[in-house]
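This report refers to the structure that appears directly beneath it.
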Amino acid sequence: FEGTENEFVLQESVFTRRGVDRILKYAFDVAKERPRKHVTSGTKSNGISISMPYWDERTEAMAANYPQVTWDKQHIDILCARFVLQP
């Protein structure tokens, strides 16, 4: 239907607790062995209103298991800009 009045787009994400927690556990496990002991979570919760807030909630829950690791949350747009400006 591209280019017609019936054109549509669909965006779908599947975030399972098991999958998200597995990723986050790995990140926090790696961080606890590094000198800075820090995790930065990239999020788009201001624009992807269901799955990214879930990611943020799971990050906060996982962080509670790692009191020795500091963490913060940054919107992905700002995080990407930082990578460009401060490589």
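Positions 779 to 865 (our numbering) are the ones given, in order, by the sequence shown.
Virtual Cβ for every residue (Gly too), placed ideally from N, Cα, C.
Small disclaimer: the values here were computed from a predicted structure and weren't measured.
CB of residue i within 8 Å of CB of residue j, strictly
| i | j | result |
| --- | --- | --- |
| residue 796 | residue 836 | no |
| residue 806 | residue 832 | no |
| residue 820 | residue 857 | yes |
Residue i, buried or exposed, once every other Cβ within 10 Å from all chains shown has been counted against 16
| i | result |
| --- | --- |
| residue 842 | exposed |
| residue 787 | exposed |
| residue 863 | exposed |
| residue 827 | exposed |
| residue 817 | buried |
Alpha carbon of residue i to alpha carbon of residue j, nearest angstrom
| i | j | result |
| --- | --- | --- |
| residue 785 | residue 822 | 26 Å |
| residue 846 | residue 810 | 7 Å |
| residue 853 | residue 812 | 23 Å |
| residue 804 | residue 779 | 42 Å |
For residue j and residue i, believed in contact at Cβ under 8 Å, the rounded distance
| i | j | result |
| --- | --- | --- |
| residue 815 | residue 782 | Not a contact, Cβ separation roughly 54 Å. |
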